[in-house]
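Below you'll find the structure, written out as structure tokens, and then a few comments.
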Amino acid sequence: MSCIFCKIASGEIPCKKIYDDQHVLSFLDINPASKGHCLVITKKHYEKFNDIDPEVLVSLIKAVQLVSKKIEAELGPDGYNIINNNGSSAGQTVAHVHFHIVPRTEGDGIIQPWEPTSPEGSELDELQKRLRIENGN
Ligand code: 5GP
Ligand code: ZN
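For the sequence shown, my numbering gives the first residue as 49, with consecutive numbering after it.
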């Protein structure tokens with residue numbers, strides 16, 4: 049097992065634990081973007097968000113909110129980002145699914161937003177057709 053987050057989940061590598069339950073573990077990021085930057089991971093190895101089993105997904109997203117509320121109550125940030133990177137093109141460096149919770153301070157400039165684009169309406173119409181979900185599909 050070479051996955052660093054699997055090693056953290058099994059206790060082989062230590063972490064600054066915030067929370068855990070049957071499916072999920074949360075701990076402080078070792079190289080935080082800001083004070084209180086936490087990670088929430090699944091205990092089971094899934095590479096990406098779309099791989100997660102439904103019951104684990106429910107636990108994971110509930111834990112993200114639990115930790116986020118704790119950060120808000122305890123550290124009182126101006127705001128927070130909840131980030132989940134999937135694939136190296138999206139900035140995923142650890143191939144084990146995880147959410148970041150990054151406390152933010154007004155004007156901290158930590159995360160550069162993307163450059164907005166202005167596609168033609170026809171392009172949006174086409175994408176809407178391709179992505180529209182009806183009856184769960
Ligand atoms: P990603 O870039 O994949 O979305 O985020 C991976 C995160 O995991 C990074 O913010 C990085 O600092 C954190 N990280 C990587 N290795 C370790 C580790 O061994 N312990 C902890 N606590 N965090 C880690
Ligand atoms: Zn893993």
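For every residue, glycine included, the Cβ atom is placed at its ideal position computed from N, Cα and C.
As the structure is a computational prediction, the values presented were derived from the model and not from experiment.
By the criterion of a C-beta distance shorter than 6 Å, H144 is surrounded in its chain by C51, F53, H93, once the five residues flanking it on both sides are discounted.
Checking the 7 Å criterion, the Cβ of C63 is within range of a heavy atom belonging to the ligand 5GP.
Look at the beta carbons and you see the stretch 146-156 touching the stretch 88-108: at least three pairs across the two are nearer than 8 Å. With respect to K65, L73 sits close: the two C-beta atoms are nearer than 8 Å.
Taking the Cα positions, V106 is about 11 Å away from Q113.
Around the beta-carbon of S116, 16 or more other beta-carbon atoms lie within 10 Å, marking it buried. With contacts defined by Cβ atoms closer than 8 Å, P151 and I181 do not form a contacting pair. Within the same chain, no residue comes within 6 Å of K110 by CB-CB distance, once the 5 residues on both sides are set aside. Taking the Cβ of F147 as the reference point, every heavy atom of the ligand ZN lies at 7 Å or farther away. Per the DSSP secondary-structure output, T90 pairs in a beta bridge with V72.
The continuous stretches of alpha helix (DSSP H) do not include I159, and DSSP gives it neither H nor E.
According to the DSSP assignment, G135 belongs to no alpha helix (DSSP H), since it is labelled neither H nor E. Per the coordinates, the alpha-carbon of I131 lies some 18 Å from the alpha-carbon of E154.
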